[in-house]
Amino acid sequence: MAGILKSQHLRNYLRDPSALIGSSLLLIFFFCAIFAPLLAPMDPYDLMTVDLGNFLLPPAWMDGSVPAFPLGTDDQGRGILSTILYGLRTSLIVGFSVVAISSVIGVIMGMLAAYYGGVLDAVVMRLADTVFAFSTTLLAVLLLGVFETRGVVTVIFAICIADWVKYARTIRGSVLEIKDNAYVVAARSSGAGDFRILFRHILPNALPPIFVVMAVDLAVVIMLEATLSFLGVGVPLTEPSIGMMIAIGKNYIYAGMWWLTLFPGVTLILLVVAINLFSDWLRDELNPRLARQT
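Next up, the structure:
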């Protein structure tokens, strides 16, 4: 414990206001998402609790409001606060799932391509170039249009197909720098197998850049999921989504129902900003040379 408290990374973290603010906001969002059923005044997707009589109620400080709905309601009578809390679950589930799956696939493919080279490297990199040539959003929309079923799993799968490339490219560059180092050559000379060399000697030293990519990519994926839901090709209407809330609310902006888009929009912005603040600190910690240059 004393070693952790004396860690240079921890001291730098405690001295960085941006990292503290970002991580604190993230913890709040995680807490709200995990305990949404306990914190939300209602289950916005339980038909037994939704009443159409609560149609487009304003926030609590405006005339005509109802105390049970502090941030107002949408066009289905669902509380905005409750829907945001449940929508955070979808955003974080999709974000972390895509980052986890894409990073594993990309790291394995990129690492093997760089280590063995030759035909394998050429095939993997040409495949990566092909996927990279398309916009991630456009490719995800295309894939979601092909799938017959819609849901969180489908969205995760569609984004992963387009998202693994950045991890493969990043790890490939790191492995190309590491694989000829003295400790790798020594391990190979001692008779260590490829599996041991890759996962014991090369991968741990090539991972720091991947952690930075994962942190940045989490915000990108959350925004992409919201974009897909906003466009109507993401999660279905029966599942909560902040992007879908904004899409529904835009139809009522000119009617003065600003709370339908403002509150979910601000929540999405704060979530992405919190992730970016933390990822900036992580980038500087794992790449001190870059921090000194900036």
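So the sequence shown is numbered by the numbering used here: it starts at 25 and just counts up by one.
The C-beta atom is built at its ideal place from N, Cα and C for all residues, glycine as well.
The region 272-289 makes no contact with the region 196-215: fewer than 3 CB pairs, one atom from each, lie closer than 8 Å. Looking at Ile270, Phe158 and Gln32, the one whose alpha-carbon comes closest to that of Ile185 is Phe158. Annotated three-state conformation of Gly77 is helix, per DSSP. When DSSP assignments are scanned along the region 125-207, the uninterrupted stretches of alpha helix (DSSP H) that are 4 or more residues long and fall wholly within it turn out to be 142-156, 160-170 and 176-202. Your pair Val259 and Arg174 checks out as a contact, with CB atoms roughly 7 Å apart and the cut at 8 Å. Within the DSSP secondary-structure output, Gly103 pairs in a beta bridge with Thr97. With contact defined as three or more Cβ pairs closer than 8 Å, the region 286-301 and the region 111-119 are in contact. The alpha-carbon of Asp40 is positioned some 21 Å away from that of Phe54. Looking at the backbone, the Cα of Leu109 and that of Ala64 are separated by about 7 Å. For the pair Leu95 and Leu80, the CB atoms are not nearer than the 8 Å cut-off. Secondary structure at Leu231: coil, using DSSP grouped into helix, strand and coil. If you look at Arg224, you'll find it isn't in any alpha helix (DSSP H); DSSP assigns it neither H nor E. Secondary structure note for Glu263: it is in no alpha helix (DSSP H), with a DSSP letter that is neither H nor E. When DSSP states are grouped into helix, strand and coil, Gly46 belongs to the helix group.
Of the residues assessed, Met86 falls on the exposed side of the cut-off, its CB having fewer than 16 other CB atoms within 10 angstroms. Assignment of Pro65 by DSSP, reduced to helix, strand and coil, places it in the coil class. A check of alpha carbon separations from Tyr207 across Lys190, Ile226, Leu200 and Gly197 identifies Ile226 as the nearest.
Comparing alpha-carbon positions, the option among Ala182, Arg196 and Leu255 lying closest to Thr160 turns out to be Ala182. Leu76 is classed as exposed because its beta carbon has fewer than 16 other beta carbons within 10 Å across all chains shown. DSSP places Phe53 within a helical segment (H, G or I) once states are collapsed to three. Leaving aside the five residues that flank Trp188 on each side, the residues in its chain whose CB is nearer than 6 Å to its CB run, in chain order, Ser126, Ile129 and Gly130.
Here Phe59 carries a coil assignment [DSSP, helix/strand/coil]. Excluding the 5 residues flanking it on each side, Ser253 has same chain C-beta neighbours closer than 6 Å at Val259, Ser265, Gly267 and Met268, in chain order.
Its Cα nearest to that of Leu200, the residue Met135 stands out among Pro228, Leu248, Met135 and Ser42.
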